[in-house]
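Since the structure comes first, as structure tokens, the remarks are kept for the end.
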Amino acid sequence: MTILIVGSGGREHALAWALSRSGDHSLICAPGNPAMAEIGNLFPVKVSDIDGLVNLAVKEKIDLVVVGPEVPLVAGLADELRRKGIPCFGPGRDAAKLEGSKWFAKEIMESAGVPTARGKVFSDMASAMKYIGEDACRYVLKVDGLAAGKGVFLPDDSVEAGSILEELFAGRSGGSGVQVVIEERLKGREVSILAICSGEECIILPPSRDHKRLGEGDTGPNTGGMGAVCPPPEVEDDFGEIVRARIILPVLSELASRGIDYRGVLYAGLMVTDDGPIVLEFNVRFGDPETQAVLPLVADDLGEIFMSAATGGALPEHLALLDGFCSCVVMASGGYPGTYEKGLTITGLDKIEDAVVFHAGTAMDNGRLVTGGGRVLSVASMGVTLEDSLDRTYRELEKINFKGKYYRRDIGRTV
Ligand code: AMP
Ligand code: GLY
Numbered sequence: 070m071t072i073l074i075v076g077s078g079g080r081e082h083a084l085a086w087a088l089s090r091s092g093d094h095s096l097i098c099a100p101g102n103p104a105m106a107e108i109g110n111l112f113p114v115k116v117s118d119i120d121g122l123v124n125l126a127v128k129e130k131i132d133l134v135v136v137g138p139e140v141p142l143v144a145g146l147a148d149e150l151r152r153k154g155i156p157c158f159g160p161g162r163d164a165a166k167l168e169g170s171k172w173f174a175k176e177i178m179e180s181a182g183v184p185t186a187r188g189k190v191f192s193d194m195a196s197a198m199k200y201i202g203e204d205a206c207r208y209v210l211k212v213d214g215l216a217a218g219k220g221v222f223l224p225d226d227s228v229e230a231g232s233i234l235e236e237l238f239a240g241r242s243g244g245s246g247v248q249v250v251i252e253e254r255l256k257g258r259e260v261s262i263l264a265i266c267s268g269e270e271c272i273i274l275p276p277s278r279d280h281k282r283l284g285e286g287d288t289g290p291n292t293g294g295m296g297a298v299c300p301p302p303e304v305e306d307d308f309g310e311i312v313r314a315r316i317i318l319p320v321l322s323e324l325a326s327r328g329i330d331y332r333g334v335l336y337a338g339l340m341v342t343d344d345g346p347i348v349l350e351f352n353v354r355f356g357d358p359e360t361q362a363v364l365p366l367v368a369d370d371l372g373e374i375f376m377s378a379a380t381g382g383a384l385p386e387h388l389a390l391l392d393g394f395c396s397c398v399v400m401a402s403g404g405y406p407g408t409y410e411k412g413l414t415i416t417g418l419d420k421i422e423d424a425v426v427f428h429a430g431t432a433m434d435n436g437r438l439v440t441g442g443g444r445v446l447s448v449a450s451m452g453v454t455l456e457d458s459l460d461r462t463y464r465e466l467e468k469i470n471f472k473g474k475y476y477r478r479d480i481g482r483t484v
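To convert, note that position 83 of the sequence shown is 152 in the numbering used here; the numbers rise steadily by one, no gaps.
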């Protein structure tokens with residue numbers, strides 16, 4: 070098959086890497102990154118350029134489009150491709166609202182009877198502050214729109230809540246809407262589940278855990294994700310099955326009852342509490358960096374499975390998986406998720422022996438590999454035990470250098 074991968078981050082590099090080793094596929098990427106250029110041809114079409122991507126898929130006679138990021142899905146890329154008869158692994162605009170609007174996701178979960186944190190939506194400062202009262206640390210504030218993982222806030226007190234809300238309602242802190250969802254703060258362990266969905270059927274990938282906070286010990290601001298492990302060691306073998314039955318299938322069937330045929334990945338961000346898994350968020354695409362930790366453990370040809378899902382076909386009952394654990398640690402630019410310098414030389418990649426290095430924010434500058442984004446690289450290794458895998462990942466990662474590099478040293482070692 071000829072497969073077009075849309076995106077340019079670590080997740081898309083991991084998808085390209087997995088597809089290139091799993092089957093006899095030829096890959097093209099838009100826009101891709103310097104490392105993806107070694108796997109497939111790159112075309113400089115932006116992920117937000119829906120017409121450009123559709124034209125590229127037609128011109129290159131693409132058999133299957135695999136979409137990495139949420140932005141083109143929310144903008145209707147999958148609908149436009151399907152209109153042209155091109156299979157797309159990624160849901161249409163209507164389903165992408167599950168990620169594009171936290172409030173829509175809550176409504177779907179309520180109708181489907183899926184456990185989620187209680188929440189209310191607000192569009193003005195005064196009623197939001199009244200609702201919070203003096204109990205800010207019992208709530209989580211979420212921008213009701215796309216915010217690249219940076220639209221969720223856990224204030225310590227009402228003064229902090231007030232200043233966050235002021236920023237949000239003024240539309241200054243990212244996010245596309247001026248509505249804010251305030252939901253109860255849950256306690257437990259976080260686990261991410263990625264489900265490959267074809268209509269009302271799905272297949273669950275192994276569970277993983279992302280570490281979203283910037284600082285060690287899960288402190289500091291939320292980021293797009295600083296590292297991930299797969300599977301989290303304490304998660305029981307039947308966890309995926311429980312999430313499938315209690316969460317993914319009811320949501321797919323609720324969507325189907327509204328005429329929405331879901332074809333792509335549904336990502337459930339879960340809090341595992343004493344009452345079982347509760348949904349914190351849905352994403353309508355693979356997680357980043359979860360994908361970099363999950364895909365190395367998959368032994369099946371994902372190209373065939375994605376194609377089946379994209380065309381509403383049957384999915385295999387189980388995935389063939391490798392034994393062991395995989396961990397992935399993100400190397401970020403100093404200053405991320407705030408402002409940071411770009412164009413800094415990256416060295417040491419030629420010394421990597423025992424890990425896969427997925428590129429995210431990298432660029433070429435006169436033949437030199439340089440930094441070009443906040444999350445620059447993610448380094449992933451497998452091991453028989455999680456400790457084994459983490460030792461290898463950190464040993465390899467330390468060989469890589471760029472000025473101001475930042476990574477968490479406790480990925481997989483805290484919950
Ligand atoms: P989200 O993008 O909605 O997954 O939120 C980002 C992060 O904020 C999550 O990974 C959690 O660490 C935290 N979070 C979100 N919602 C809640 C909640 N209801 N209770 C506790 N933590 C939450
Ligand atoms: N790792 C979190 C996300 O992809 O949204």
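Using N, Cα and C, we set each Cβ at its ideal position, and we do this for glycine too. Since we're looking at a predicted model, the values are computed, not measured.
- Inspect the CB distances between the region 318-333 and the region 285-300 and report whether three or more fall short of 8 Å. no
- Beta-carbon separation of Leu223 and Val249 under 8 Å? Walking along the sequence shown from the start, residue 223 turns up at place 154. Walking along the sequence shown from the start, residue 249 turns up at place 180. No, the pair does not count as a contact, with Cβ atoms beyond the cut-off.
- Message: Looking only at its chain, what residues have a beta carbon closer than 6 Å to the beta carbon of Ser242, apart from the 5 residues adjacent to it on each side?
- Response: Locating residue 242 in the sequence shown gives position 173, where the first residue counts as 1. Any answer about Ser242 is weak, because its pLDDT of 49 lies below 50 and its placement is not dependable; what the coordinates show is given next. Excluding sequence neighbours, Ser242 sits near Glu236.
- Item | Met178 (DSSP reduced to helix, strand or coil) | Stepping through the sequence shown from its first residue, residue 178 is reached at position 109. Of the three classes helix, strand and coil, the one that applies to Met178 here is helix, per DSSP.
- Beta-carbon separation of Gly159 and Ala147 under 8 Å? Counting from one through the sequence shown, the residue named residue 159 turns up at place 90. Counting from one through the sequence shown, the residue named residue 147 turns up at place 78. Result yes, Cβ atoms of Gly159 and Ala147 sit closer than 8 Å.
- Task: Scan the region 305-351 and note each continuous alpha helix (DSSP H) run of 4 residues or more that stays entirely inside, going in chain order.
- Result: 308-312 and 318-326
- Would the beta-carbon of Phe394 fall within 8 Å of that of Thr454? For the purposes of this step, residue 394 is taken as residue 325 along the sequence shown, with counting starting at 1. For the purposes of this step, residue 454 is taken as residue 385 along the sequence shown, with counting starting at 1. Closer than 8 Å, so yes.
- Query: Taking a cut-off of 5 Å, which residues have a beta-carbon closer than that to any heavy atom of ligand 1, in chain order?
  - Reply: Ala186, Val209, Val221, Glu252, Arg254, Leu255, Lys281, Gly338, Leu349 and Glu350
- Contact test: Gly257 Cβ vs ligand 2 heavy atom, cutoff 7 Å: By one-based count along the sequence shown, residue 257 stands at place 188. Not under cutoff, so the answer is no.
- Message: Following a CB-centred definition, is Pro358 positioned closer than 7 Å to any heavy atom of ligand 2?
- Response: Walking along the sequence shown from the start, residue 358 turns up at place 289. True, at least one ligand heavy atom lies under 7 Å from that Cβ.
- Extent of the continuous beta strand (DSSP E) run through Asn124: Locating residue 124 in the sequence shown gives position 55, where the first residue counts as 1. Note, Asn124: premise wrong, no beta strand (DSSP E); alpha helix (DSSP H) at Ile119 to Lys128.
- Task: Classify Gly244 as helix, strand or coil using the three-state DSSP reduction.
- Result: Within the sequence shown, the letter at position 175 stands for residue 244. At Gly244, the pLDDT of 47 sits below 50, so the modelled position is not reliable and the matter cannot be decided from this model.
- Indicate whether the contact test is met: 3 or more Cβ pairs, each with one atom in the region 403-410 and one in the region 462-479, closer than 8 Å. yes
- Query: Looking at Asn291 and ligand 2, is the gap between the Cβ and the nearest heavy atom below 7 Å?
  - Reply: Position 222 of the sequence shown, counted from the start, is the residue given in the question as residue 291. Checking every heavy atom of ligand 2 against the Cβ of Asn291, none is found closer than 7 Å.
- Message: Just to confirm my understanding: we take Thr380, look at its own chain, exclude 5 residues before and 5 after, and list those with CB closer than 7 Å. What are they?
- Response: For the purposes of this step, residue 380 is identified with residue 311 of the sequence shown, where counting begins at 1. Closer than 7 Å at the Cβ level, and outside the excluded window around Thr380, lie Pro156.
- Query: Out of curiosity, what's the CA-to-CA distance linking Leu263 and Met451?
  - Reply: As a first step, residue 263 is located in the sequence shown; it is residue number 194 there, counting from the start. As a first step, residue 451 is located in the sequence shown; it is residue number 382 there, counting from the start. Approximately 19 Å between the Cα atoms of the pair.
- Item | Residue span of the beta strand (DSSP E) that contains Ser402, given as start and end | The residue you call residue 402 lines up with position 333 of the sequence shown. From DSSP, Ser402 is part of no beta strand (DSSP E); its letter is neither H nor E.
- Message: With the cut-off set at 8 Å, would you say Val304 and Pro276 are in Cβ contact?
- Response: As a working mapping, residue 304 is identified with position 235 in the sequence shown. As a working mapping, residue 276 is identified with position 207 in the sequence shown. Yes, the Cβ-Cβ distance between Val304 and Pro276 is below 8 Å.
- Would Leu96 pass as a contact of Ile108 if the rule is Cβ separation under 8 Å? Position 27 of the sequence shown, counted from the start, is the residue given in the question as residue 96. Position 39 of the sequence shown, counted from the start, is the residue given in the question as residue 108. Their beta carbons are under 8 Å apart, which means Leu96 touches Ile108 by this criterion.
- Query: For Met198, does the three-state DSSP call read helix, strand or coil?
  - Reply: Along the sequence shown, one-based indexing puts residue 198 at 129. Note: Met198 maps to helix in three-state DSSP.
- So, are the CB atoms of Ala85 and Ile265 less than 8 Å apart? As a working note, residue 85 is residue 16 in the sequence shown. As a working note, residue 265 is residue 196 in the sequence shown. Going by C-beta atoms, Ala85 is not nearer than 8 Å to Ile265.
- Task: List in chain order: all unbroken beta strand (DSSP E) runs of 3+ residues lying wholly within the region 229-280.
- Result: 249-253, 258-267 and 270-273
- Task: Starting from the Cα of Ser91, find the closest Cα among Ser192, Leu371 and Pro100 and give me that residue.
- Result: Residue numbering aside, residue 91 sits at position 22 when the sequence shown is read from its first letter. Looking at the Cα atoms, Leu371 is the closest of the given residues.
- Query: Since Ser322 and Val399 are thought to touch, with beta carbons under 8 Å apart, how far apart are those beta carbons, to the nearest angstrom?
  - Reply: In the sequence shown, the residue the question calls residue 322 occupies position 253. In the sequence shown, the residue the question calls residue 399 occupies position 330. Actually they do not touch by this definition, with Cβ atoms about 35 Å apart.
- Query: In three-state DSSP terms, what is Phe375?
  - Reply: If you number the sequence shown from 1, residue 375 lands on position 306. Three-state DSSP puts Phe375 in a helix.
- At least three beta-carbon pairs within less than 8 Å, the region 179-187 to the region 331-350: yes
- Task: Count the other CB atoms, across all protein chains shown, that sit within 10 Å of the CB of Pro385; report buried if there are 16 or more and exposed otherwise.
- Result: Taking the sequence shown and counting its residues from 1, one reaches residue 385 at position 316. Classification of Pro385: exposed, given that the 10 Å Cβ count is below 16.
- Task: Within 10 angstroms of the Cβ of Gly436, are there 16 or more other Cβ atoms? Answer buried if so, exposed if not.
- Result: To locate residue 436, count along the sequence shown from 1; it is residue 367. Exposed is the call here.
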